[in-house]
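*Asks:* The following block contains the structure, expressed as structure tokens.
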Amino acid sequence: MNRFFTTAILCVFVFKVNAQTTPTIQPFGKIDKADLEMTKCDFETDANAEVLFDKGTVFFTDAEIVLERHVRIKIFNDHGKDAADVHIPYWGGGHFEWIEKLQAQTVNLNNGNVEIVKVDKKQIFDKRIDRDRSEMVLTFPDVKPGSVIEYKYSILSQSAGDFPDWYFQSELPTRYSEIEAKVPDAFHYKNLVKVTQAYVVNNRDGNGQISKIALANVPSINAEPYMSSVKDNFQCILTQLLSITPGAGSFGQNFSESWQKIGENEADFDDFGAQFRKKLTGEEDILNHVKSLKTGDEKIAYIFNQVKNTMKWNDLYLRYTDDGTAKAWDKKIGNSTEINLMVYHLLMRAGIKAYPILMSTRKNGKVNPAYPTRYQFNTTATYVPIDSATYYVLDATNKYNMYNVIPHNLLNSFGLTIDKENRKYDITFIQNTAPVRDVVLINADIKPDGKMEGLAQISNFSYNRIDNVESYKTDGEKKFIENLKEGNNDLKISSVKFDNMDVDSLPLTQNINFNLDLTGSDETYIYFKPNLFISMGANPFMSEKRTTDIDFGYNNNYIISGNYKVPAGYKTDALPKSARMDMSDQSIGFKRLVVEQEGVITVRYTISFKKSIMFKENYEEIHEFFKKMYEMLNEQIILKKA
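Residues 487 to 1128 in my numbering are what the sequence shown lists, from first letter to last.
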């Protein structure tokens, strides 16, 4: 059962690779001198550190299920020393899990001699994360380039349903990763497998249960632009208890989970469903005001903003309440579930159809609908159906969220709606297919001395509005203006005036006075790029290869239109051509229109996204498309003195 990491999509990919020699796993404290002398990872030469092996063994005692784990890591350089900051997570709440037999050490080669420094007990910290989760934090001594660190421990659980998931992959390359299991015949599990390379060991018992599986030379996975979550992409095996066969005096039991069953359990949970009708101090004043509002949207917006502006979020995403909604309301501070159950409660009291929805944030990872378990979720929002095609997802933890815009960090994943009254629990895909616009209008004069002066108007909608309002109010005007310049030191912004900063229903409008030194210009030629204030930054897909899918979250559409007045005595020497290109599946379109008329050059860019998720298998085309698009965005206009 997955309790430490996010789940992965149910799939199995196996590719042919060259035959590999299975590495040797050595006992704790026994190490090959060659591993101490090695200076780089053979199959990922730029790695800062490498997992030499990660070995897990699962077995059962009379009362517990036990995972014994032994990890050994090689440090190649100073950047790799971060790998010696080790955190071992476990579910310590209620002594549900606990760690035993922990030992750790640093191994160095000093003038040809092997030196071992044990991790002192004072360097091991048992840290509580929240009511359920804890972690052991290890600090290794004498770590330097060339060091090997290793640690070994047993993690014990009281529940046979807590069979540990196994992740072959991490942010470090892994030379060898192996999971071995000794499962009693009476226990029946199902495995959800995401593996993209050939096994070097693949042994199963007569019932098809995994007995030993291993991968070798597993590449690292690190953050890539527009990646949903690193954990979504790890090669792994997830395990779920289905049933226990009766025998030897024990009763048979069916543990097969379903979303309906999980929803029922959550609805009856004291720290979740039992909070739905908890009265909030002073709520009648809010509800009386709601009665004076005419439309459903006005009522929803008012209740949402009342909670959002009253409560302070304690920065904890949890799928249950800690203090309970009533106490958190009185204290004016709460976790994500406490705050959003307040929104649900007030909407329900106001007669507005709404449901709590269990969700997983983008960082926590996507919910796998084929793997029903409550541990995939890490937060709660409020789901409000409007009609057959429209719904809102409300999250009042962020002061800049809007009631009618699904929070970006909840997009493109599944949520579990909780209809306690009707005992109905649906797994629902949360997405935003409506295009999100940014519109930039520029009117500028080109001066004979190689300068540009003008006015830009930028209109931000939806997520772009939220991001800019938050940036301005959090960072201040000075930093906001610096961000507008996008690193262009030749661009000077003399003033920015905002419209609709505090009106959620309207786009944020920025009116900008600017001047620009057109560097490279001389007495004969003036050069400039008509791509100011596009806000797309640098090309995010410069890498030739991609290992993960692309998740933009939503469909961004850009319109950038500029009118540039040519100075007297100059004429156009080089003008970009009007052009259009589209991805083969029409998922992204780019169009450039360039017109010159009566001494004014008009350039209009239109960029439209029609898909928010794109697969890594199509990256070659995406890479080439973005390369050409950015080349066209950066193409210059050249004016020549007549």
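By construction, the Cβ of each residue, glycine as well, lies at the ideal position given by its N, Cα and C atoms. All values derive from a computational prediction rather than experimental measurement.
Please state the DSSP three-state secondary structure of M888.
*Replies:* Coil at M888, not helix or strand.
*Asks:* Looking at the structure shown, is R951 part of a helix, part of a strand, or coil, going by DSSP?
*Replies:* Helix, per DSSP.
*Asks:* Can you say whether F611 is buried or exposed, counting buried as having 16 or more other CB atoms within 10 angstroms of its CB?
*Replies:* It is exposed - the Cβ of F611 has fewer than 16 other Cβ atoms within 10 Å.
*Asks:* Who are the near neighbours of T960 in its chain, counting only those whose CB is closer than 6 Å to its CB and skipping five residues on each side?
*Replies:* For T960, where only same-chain residues beyond five positions count, there are no Cβ hits under 6 Å.
*Asks:* Within the same chain, show all residues whose beta-carbon is closer than 6 Å to that of V1089, passing over the 5 residues directly before and after it, in chain order.
*Replies:* Taken in chain order, the residues that qualify are P1016, G1048, V1080.
*Asks:* Between the C-alpha atoms of A836 and E750, what's the straight-line distance to the nearest angstrom?
*Replies:* Roughly 24 Å between the two C-alpha positions.
*Asks:* Quick one: using the 10 Å Cβ neighbour count with 16 as the cut-off for buried, is E968 buried or exposed?
*Replies:* Under this definition E968 is an exposed residue.
*Asks:* Would you call the region 801-820 in contact with the region 671-680, where contact means no fewer than 3 C-beta pairs closer than 8 Å?
*Replies:* Counting Cβ pairs under 8 Å, fewer than three are found: no touch.
*Asks:* Can you grab the Cα-Cα spacing for the pair P1062 / Q1122, in whole Å?
*Replies:* Those two C-alpha atoms are separated by around 7 Å.
*Asks:* Starting from G749, trace the alpha helix (DSSP H) in both directions and tell me its first and last residue.
*Replies:* From DSSP, the alpha helix (DSSP H) with G749 extends over 745-753.
*Asks:* Considering only residues of the same chain and omitting the five flanking positions on each side of S715, which have a CB-CB separation below 8 Å?
*Replies:* Closer than 8 Å at the Cβ level, and outside the excluded window around S715, lie T492, R848, K849, N850, G851, K852.
*Asks:* Spatial neighbours of G810 within its chain, please: C-beta separation below 8 Å, excluding the five flanking residues on both sides.
*Replies:* Excluding sequence neighbours, G810 sits near D757, Q761, K764, E824.
*Asks:* What's the call for D924, buried or exposed, on a 16-neighbour Cβ count within 10 Å?
*Replies:* Buried, by the Cβ-count rule.
*Asks:* Rounded to whole angstroms, what is the Cα-Cα separation between A684 and A882?
*Replies:* If I take the Cα positions, the gap works out to 46 Å.
*Asks:* Please classify N918: is it buried, with 16 or more other beta-carbons within 10 angstroms of its beta-carbon, or exposed?
*Replies:* Result: buried.
*Asks:* I need the straight-line Cα distance from G632 to I1093, nearest angstrom please.
*Replies:* Their Cα atoms are separated by approximately 49 Å.
*Asks:* If distances are taken between C-alpha atoms only, which option among T1033, D1059, G1055 comes closest to E1103?
*Replies:* For E1103, the nearest C-alpha among the options comes from T1033.
*Asks:* Kindly indicate which residue of V537, K983, T1010, A856 has the alpha-carbon position closest to the one of K1057.
*Replies:* Closest option to K1057, Cα to Cα, is T1010.
*Asks:* How do the region 577-589 and the region 633-640 stand: do at least 3 beta-carbon pairs fall below 8 Å, yes or no?
*Replies:* These segments touch.
*Asks:* Could you pull out every unbroken alpha helix (DSSP H) segment of at least 4 residues lying fully inside the region 1048-1113, listed in chain order?
*Replies:* Whole alpha helix (DSSP H) segments, 4+ residues: zero.
*Asks:* Can you tell me where the alpha helix (DSSP H) holding D771 begins and where it ends?
*Replies:* Run containing D771: 769-777, per the alpha helix (DSSP H) assignment.
*Asks:* Secondary structure at E710, three-state DSSP: helix, strand or coil?
*Replies:* Here E710 sits in coil by DSSP.
*Asks:* Would you kindly work out how many angstroms separate the C-alpha atoms of A920 and F626, rounded to a whole number?
*Replies:* When rounded, the distance between both Cα atoms is 50 Å.
*Asks:* Pairing CB atoms from the region 792-803 with CB atoms from the region 901-914, are three or more of them under 8 Å?
*Replies:* With a cut-off of 8 Å, the region 901-914 and the region 792-803 do not count as touching, because too few Cβ pairs lie within range.
*Asks:* I'd like the span of the alpha helix (DSSP H) that includes G782, first residue to last.
*Replies:* Counting along the chain, the alpha helix (DSSP H) containing G782 begins and ends at 782-796.
*Asks:* Find out if the Cβ-Cβ distance for the pair K676, N689 is shorter than 8 Å.
*Replies:* No. Outside cutoff.
*Asks:* Can you tell me whether DSSP reads E601 as helix, strand or coil?
*Replies:* In this structure, E601 counts as strand in the three-state DSSP scheme.
*Asks:* Output the distance between the C-alpha atoms of I665 and H674, rounded to the nearest integer angstrom.
*Replies:* Looking at the two C-alpha atoms, the distance is approximately 17 Å.
*Asks:* Straight-line CA distance for N791 to Q721?
*Replies:* For N791 and Q721, the distance between alpha carbons rounds to 42 Å.
*Asks:* Where does the unbroken alpha helix (DSSP H) through A520 begin, and where does it stop?
*Replies:* Segment 519-523, the alpha helix (DSSP H) holding A520.
*Asks:* Can you confirm whether the region 593-605 touches the region 506-523 when touching is taken to mean that 3 or more C-beta pairs between the two stretches lie within less than 8 Å?
*Replies:* Flag = yes, the region 506-523 and the region 593-605 touch.
*Asks:* Within 10 Å of its beta-carbon, does K560 have 16 or more other beta-carbons around it, so buried, or fewer, so exposed?
*Replies:* When all chains shown are included, K560 counts as buried.
*Asks:* When you compare each of N534, D571, V776, G1075 to M834 by their alpha carbons, which one comes out closest?
*Replies:* Nearest of N534, D571, V776, G1075 to M834, Cα basis: V776.
*Asks:* By the three-class DSSP mapping on this structure, what secondary structure does K587 have?
*Replies:* Correct three-state label for K587: strand.
*Asks:* Less than 7 Å between C-beta atoms, sequence neighbours within five positions excluded: which residues of the same chain meet that for D521?
*Replies:* If we look at D521 and ignore the five residues flanking it on each side, its Cβ neighbours are L538, K560, V634.
*Asks:* Identify whether Q739 lies in helix, strand or coil by the three-state DSSP scheme.
*Replies:* Strand at Q739.
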